[in-house]
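Using our numbering, the first residue of the sequence shown is number 559, and each one after it goes up by one. Beta carbons: idealized from backbone N, C-alpha and C, even for Gly. Have a look at the structure below before the remarks.
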Amino acid sequence: HRFEHMKETLTDTFRSLAAQALATNNQGFLTLAQEKFRALQDETSAQIDHRHSVWESLLEPLTASLHTYQKATQDLEHQRLREISAVSEQLRQLTSIQSALQSETSKLANALRSPHIRGRWGEIALRRTAELAGMSAHCDFMEQESVSSETGRLRPDMVVKLPAGRDIVVDSKVPLNAFLDHLDAQSDEARNAALNKHVKQVKHHIHQLAAKEYWDQFSAAPEFVVLFIPNDSFLAAAAERDPLLIETALSKKVVLATPTTFIALLRSIAYGWRQGKLAEEAERIAALGQELSDRMTTFAEHMTRIGQSLGRSVESYNAAVASLENRIFPTARKFQLLGISSKKEIPSLQPLEQHPRPCSSKESGTDHSI
559 HRFEHMKETL TDTFRSLAAQ ALATNNQGFL TLAQEKFRAL QDETSAQIDH
609 RHSVWESLLE PLTASLHTYQ KATQDLEHQR LREISAVSEQ LRQLTSIQSA
659 LQSETSKLAN ALRSPHIRGR WGEIALRRTA ELAGMSAHCD FMEQESVSSE
709 TGRLRPDMVV KLPAGRDIVV DSKVPLNAFL DHLDAQSDEA RNAALNKHVK
759 QVKHHIHQLA AKEYWDQFSA APEFVVLFIP NDSFLAAAAE RDPLLIETAL
809 SKKVVLATPT TFIALLRSIA YGWRQGKLAE EAERIAALGQ ELSDRMTTFA
859 EHMTRIGQSL GRSVESYNAA VASLENRIFP TARKFQLLGI SSKKEIPSLQ
909 PLEQHPRPCS SKESGTDHSI
């Protein structure tokens, strides 16, 4: 029993010593580990700081570039937003203008369906076309000039004056109703029907104008009349629908003209006017030249007679000088020899050696002595 007690005591003692040794070793290990860990932590922190500094130096240009890119992107975005806003405003204005234009176009189309307004528009377009061609009202063309005929009074819209007193009669017609229906048509069938009606309206104007026979009422006019259509599209649509339309009009002595072709016609007429005026001016210049030549001849004849009179006067003067020198002065000098003196000395007279210069015309071969 005592042995067991000693065994337990020794066991407790060894256990206590082992626990103390273990505790002492653990504490030393912990202290050493803490020191190593602290040193390692300091070294790691230094390395991290160094690497952070290195990375910062490496990333600084990239960061600056990123900031620059970000600012440029923001500026571009702001500019894009401003441009989008401006485009939106322009689109809004364009939409408003288009709506207003559609409204005004609709009003104009409705107004042009009135025969009176259509006729007035055609007359204005005709006058402006003539003015664009360089012609002047009441000088190169006359408007609304009335003439009497068997069927009453006729009044064409314009009479264009030609050289040599000739005239060209022009009437303006605006076949528009069916053309507008063609533009407003929603189907091919409606468009074709409107085009056929448009051709009929143009032909109707051709027959009406041909029936007036203006060339019989204006004696200076050629045997045709010009039908002016104030828009090229009106005639083009009708001619495309009926290829024989222009030929049909010519067979009726009617020339179809639009602003484009009418300007070409008027400029040809204006050129003829200029050539006629040049010919008239050349004739006037020739007449003035002939008159000047006749007057120069008359003047030369007068100068010739004056020259002849001057020549005879010089001859008479020289004869008188010779008579003085040979007959009168010798006798007068004898008085001086006899002692009779004079307060003034008798001057010596010299004959004239020059004669009037003859007036001659080398070009004509005549010789007028002046």
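Proximity of A815 and F786 at Cβ, strictly below 8 Å: The answer is yes: Cβ separation under 8 Å.
Just the C-alpha distance for I726 and L659, rounded to the nearest angstrom, thanks. Approximately 38 Å, taken between the alpha carbons.
So, with DSSP's three-state summary, where would you put I642? Looking at I642 - three-state DSSP - the assignment turns out to be helix.
Length-filtered (3 minimum) beta strand (DSSP E) runs lying within the region 677-701: Inside the region 677-701, DSSP marks whole beta strand (DSSP E) runs of 3 or more residues at positions 699-701, from first to last along the chain.
State the beta-bridge partners of L814 as determined by DSSP. Paired residues: L785.
How many angstroms separate the CA atom of T687 from the CA atom of E838? The straight-line gap from Cα to Cα measures roughly 27 Å.
Cross-strand partners of S730 (DSSP beta bridge): Note: S730 sits in a beta bridge opposite F786.
Cutting at 6 Å between CB atoms, please list the residues of its own chain near Q759, excluding the five before and the five after it. Close CB contacts of Q759 within its chain, under the 6 Å cut and outside five residues either way in sequence, are with P733 and A736 (chain order).
Assign G847 to one of two classes, buried (16 or more other C-beta atoms within 10 Å of its C-beta) or exposed (fewer than that). Counting Cβ neighbours within 10 Å, G847 comes out exposed, since fewer than 16 surround it.
Thinking C-alpha only, which one of P817, Q744, Q912 and K629 is nearest G865? Here the closest residue by C-alpha is Q912.
Reference E873; option with closest CA among T856, P909 and A807: It is P909.
Give me the DSSP bridge partner(s) of K719. K719 is bridged by DSSP to D725.
Just to confirm, are E681 and S730 a CB contact at a threshold of 8 Å? Yes, the Cβ-Cβ distance between E681 and S730 is below 8 Å.
Cβ of A796 within 8 Å of Cβ of H756? Contact annotation: A796 and H756 have beta-carbon atoms nearer than 8 Å.
Pick helix, strand or coil for F776, following the three-state DSSP scheme. In this structure, F776 counts as coil in the three-state DSSP scheme.
DSSP three-state label for D633, please. Three-state DSSP puts D633 in a helix.
Go ahead and label H860 buried or exposed: buried means 16 or more other beta carbons lie within 10 angstroms of its beta carbon, across all protein chains shown. The C-beta of H860 has fewer than 16 other C-beta atoms within 10 Å across all chains shown, which makes the residue exposed.
For T889 and L896, I'd like the C-alpha separation in whole angstroms. Rounded to the nearest angstrom, the two C-alpha atoms are 11 Å apart.
Through-space distance from L824 to S745, alpha-carbon basis: Whole-angstrom Cα-Cα distance: 40 Å.
Of the listed residues Q637, A691, P673 and I642, nearest to A822 (C-alpha basis): The residue with the shortest Cα to Cα distance from A822 is A691.
Tell me the DSSP secondary structure of L588 in three-state form. Here DSSP, grouped into helix, strand and coil, assigns L588 to helix.
Suppose you measure from the CA of L624 to the CA of S643; what does that come to, to the nearest Å? Distance between the alpha carbons of L624 and S643 is about 28 Å.
Taking C-beta to C-beta, are P817 and P780 nearer than 8 Å? Taking 8 Å as the Cβ cut-off, P817 and P780 do not qualify as a contacting pair.
N- and C-terminal bounds of the alpha helix (DSSP H) containing D742: For D742, the uninterrupted alpha helix (DSSP H) segment begins and ends at N735 to D742.
If you count every other CB in all the chains shown that lies within 10 Å of the CB of H608, and 16 or more means buried, which is it? Counting the other CB atoms within 10 Å of its CB gives H608 a total below 16, which places it among the exposed residues.
Secondary structure of S809, DSSP reduced to three states: The answer is helix: DSSP assigns S809 an H, G or I state.
Counting C-beta neighbours from all protein chains within 10 Å, is the total for V645 16 or more, i.e. buried, or is it exposed? So V645 counts as exposed.
Straight-line gap, Q605 to T589 (C-alpha atoms, nearest Å): Going by the C-alpha atoms only, they are around 24 Å apart.
Looking only at its chain, what residues have a beta carbon closer than 8 Å to the beta carbon of D715, apart from the 5 residues adjacent to it on each side? G680, E681, L684, E701, Q702, V728, D729, S730 and F786.
For H762, does the count of other Cβ atoms within 10 angstroms reach 16, so buried, or fall short, so exposed? Per the 10 Å Cβ criterion, exposed.
Whole-Å CB distance - A807 paired with I764, under 8 Å assumed: Going by Cβ atoms, the distance from A807 to I764 rounds to 5 Å, so yes, they are a contact pair.
Please return the same chain residues whose Cβ sits closer than 7 Å to the Cβ of E647, not counting the five positions on each side in sequence. Excluding positions up to five away in sequence, the list is empty.
With Q952 as the anchor, note down where its alpha helix (DSSP H) starts and where it stops. The shown model of the chain, from 559 to 928, leaves out residue 952, and the question about it has no answer.
List the whole-angstrom C-beta distance separating R713 from N754, where the pair is believed to meet the contact cut-off of C-beta under 8 Å. A Cβ-Cβ separation of about 31 Å leaves R713 out of contact with N754 under the 8 Å criterion.
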